[in-house]
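Student: The opening position of the sequence shown corresponds to residue 408 in my numbering, with each subsequent residue numbered one higher. Even for Gly, the Cβ is constructed at its ideal location relative to N, Cα and C. What you are looking at is a predicted structure, and each value in this text was computed from that prediction instead of being measured. My questions will all concern the structure given below.
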Amino acid sequence: MNMGFVVVTYKIFPTDIISDFGPMKKKLENTLPKSASVHGYGEELVAYGLKALLVQVKFPEDETGLVDEFENRLGSMEGVSQVQTLMVRRTSR
């Protein structure tokens, strides 16, 4: 049987206005479980210069608890005000 993956899209609101999400991306990648990977990044203008970081993370679907564990780490990460889960989808690759 082929193992599938779960791809979760998050919207991460920083505590302050950020022009360069590089350091936040680095922190985020360091909090990922070993079997998860970043599938892509984006930015979304929220209001008055405030931007949110969009990130897609791919998790193996057969490892339970990884998504919740990562969301907890992400929510307590320095510089993060709020995290929203925008979409969860299953994929075979």
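1) How is the alpha helix (DSSP H) around E478 delimited, first residue to last?
2) Taking the beta carbon of V464 as the centre, do at least 16 other beta carbons fall within 10 Å, making it buried, or is it exposed?
3) For the segment 468-476 against the segment 439-446, are there 3 or more C-beta pairs whose distance is under 8 Å?
4) Going by the CB atoms, is the gap between G411 and R496 shorter than 8 Å?
5) Please report the straight-line C-alpha distance between F428 and M494, rounded to a whole angstrom.
Tutor: In brief:
1) L473 to G482
2) buried
3) yes
4) no
5) 21 Å
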